[in-house]
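There are 2 protein chains.
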Amino acid sequence: MSDAYTPTSRTRVVREPQRGVYDRAAAYAILDEAFICHVGFTADGQPYVIPTSFGRNGDQLYIHGSAASRMLRNLDKGIPVCVTVTLLDGLVMARSIFNHSMNYRSVVVLGTATLISDPAEKLEALRILSEHIIRGRWDDVRQPNEKELKATSILRLPITEFSAKVREGDVIDDEEDYSFPTWAGVVPLTMTAGEPIPDARLLPGQEVPWYAAHYTRKR
Amino acid sequence: MSDAYTPTSRTRVVREPQRGVYDRAAAYAILDEAFICHVGFTADGQPYVIPTSFGRNGDQLYIHGSAASRMLRNLDKGIPVCVTVTLLDGLVMARSIFNHSMNYRSVVVLGTATLISDPAEKLEALRILSEHIIRGRWDDVRQPNEKELKATSILRLPITEFSAKVREGDVIDDEEDYSFPTWAGVVPLTMTAGEPIPDARLLPGQEVPWYAAHYTRKR
Chain A
12 MSDAYTPTSR TRVVREPQRG VYDRAAAYAI LDEAFICHVG FTADGQPYVI
62 PTSFGRNGDQ LYIHGSAASR MLRNLDKGIP VCVTVTLLDG LVMARSIFNH
112 SMNYRSVVVL GTATLISDPA EKLEALRILS EHIIRGRWDD VRQPNEKELK
162 ATSILRLPIT EFSAKVREGD VIDDEEDYSF PTWAGVVPLT MTAGEPIPDA
212 RLLPGQEVPW YAAHYTRKR
Chain B
12 MSDAYTPTSR TRVVREPQRG VYDRAAAYAI LDEAFICHVG FTADGQPYVI
62 PTSFGRNGDQ LYIHGSAASR MLRNLDKGIP VCVTVTLLDG LVMARSIFNH
112 SMNYRSVVVL GTATLISDPA EKLEALRILS EHIIRGRWDD VRQPNEKELK
162 ATSILRLPIT EFSAKVREGD VIDDEEDYSF PTWAGVVPLT MTAGEPIPDA
212 RLLPGQEVPW YAAHYTRKR
């Protein structure tokens, strides 16, 4: 799967340029494995970075606005944002401190985020966001009513200007350091789901659904 | 442990205010469990959010500058930043979609980041950052030489203006939804370390050190 993309001067990877990935399909795979993003925006000259959940619908991101009250105040005409998604894959322990690194996959999307106002679109965006995080859950729960839908804000951000950055694989030491007597290698890191904790007030006969019992982000 | 702190209008939690934690010790515990932050800054009117590693030294953060080349260009006099750290603890599956949530702990630090220029301070900052991420590693590896130290940028950010936000515990549904027939509960999420993968060019007799064999963020 390849879908090459030409970065702008704002999204071209400057540092460690060999880690830059300018491929839409590769970026989407990272976006789809993650479900938490960090949204950056500026208010009164101060940058803010807020963690929130997101989903992807084709070439746009839906970003849950819950955490971004400060941002939403300024949002009538859309607001410049940066949405960054990071998956951490491992600690890379080299022989020199300088060559220590991490394995990770990240995506940065720049653009103007706008609030979704149409109720039908908002409902659909909420469904996509929910299914992005827990596939299968939407049909099992009480759907949002009008009041709840009004109280929910979702932002739309087209995935137009973006880049991905990936570091994977082994330790890379300077040639002269391979004789330095220390252990070197990679410690893999993964996010794992534990045993579901059922709510104390479950109705009788409610079995743990598959998406809770076997929750994973791998596709 | 408590060390109450009065938030500014910029750090007071606006949305879900009951989740705001204004306690320095609680914020530090979150910062110490994490080692990846998302740094936000503004360049030419565009916000950027970059993931990078960090460590804490008392009341300041040391932020690895590797990923922030765009930021560093503007950094002579320091630059306004937002450093956000997020630990994800679980998916909260309620009976209504509206009450779905996540368990998480996050810290937001606002301030002016400055580059460390003094070589001795930079070396010490690098040691603190390294020990923050992998405690015990520093003494086992080849130390940075002058050239490497020059090629490393580390930012200093005082932890002066900050807030923490925490959501923990069970599902909270609207009273009338407890009769809705679906499973509800929490799926815990944790970052776990896998089996260390030794480098292919290890010298004979290099055993896996304890910090790699039993890597954990829990203290």
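Protein chains in written order, with the working numbering: chain A, 12 to 230; chain B, 12 to 230. Heads up, the beta-carbon is just placed ideally off N, CA and C, and yes, glycines get one too. Bear in mind the structure is a predicted one, so any value in this text is a computation, not a measurement.
Checklist entry - Where DSSP assigns a beta bridge to D34 (chain B), which residues make up the other side? => result B:A15
Next on the checklist: Looking at chain A, is there any beta carbon in it that lies within less than 8 Å of the beta carbon of L166 (chain B)?
Outcome noted: no
Checklist entry - Below 8 Å between beta carbons: does that hold for V177 (chain A) and R67 (chain A)? => result Taking 8 Å as the Cβ cut-off, V177 (chain A) and R67 (chain A) do not qualify as a contacting pair.
Next on the checklist: Rounded to whole angstroms, what is the Cα-Cα separation between L160 (chain B) and R138 (chain B)?
Outcome noted: 12 Å
Next on the checklist: Could you check whether the Cβ of S64 (chain A) sits closer than 8 Å to any Cβ belonging to chain B?
Outcome noted: yes
Item to check | For G56 (chain A) and Q57 (chain B), the rounded distance between their alpha carbons | outcome: 11 Å
Checklist entry - Any beta-carbon of chain A closer than 8 Å to the one on M12 (chain B)? => result Unreliable placement is indicated for M12 (chain B), whose pLDDT of 45 sits below 50; the coordinate value is still reported in the next sentence. It does not: the Cβ of M12 (chain B) has no partner Cβ on chain A nearer than 8 Å.
Item to check | Own chain residues within Cβ distance below 7 Å of M12 (chain B), not counting five before or after | outcome: The predicted position of M12 (chain B) is uncertain, since its pLDDT is 45 and thus under 50; no value can be drawn from it.
Checklist entry - For L140 (chain A) versus F65 (chain A), is the C-beta distance shorter than 8 Å? => result yes
Next on the checklist: Can you tell me whether F173 (chain A) is helix, strand or coil according to DSSP?
Outcome noted: strand
Checklist entry - Run through DSSP, which three-state label would H111 (chain B) get? => result coil
Item to check | Nonlocal neighbours in the same chain, by C-beta distance under 6 Å from I127 (chain B), ignoring five residues either side | outcome: K133, A136, I165, R167
Next on the checklist: Does Y226 (chain A) come out as helix, strand or coil in the three-state DSSP assignment?
Outcome noted: coil
Item to check | alpha helix (DSSP H) runs wholly inside the region 157-223 of chain B, at least 4 long, in chain order | outcome: 157-162
Checklist entry - Would you say F109 (chain B) faces chain A, with C-beta separation under 8 Å as the test? => result yes
Checklist entry - Between the C-alpha atoms of Y16 (chain A) and R23 (chain A), what's the straight-line distance to the nearest angstrom? => result 11 Å
Next on the checklist: For a contact defined as C-beta to C-beta under 7 Å, what are the partners of S117 (chain B) on chain A?
Outcome noted: Result: P62.
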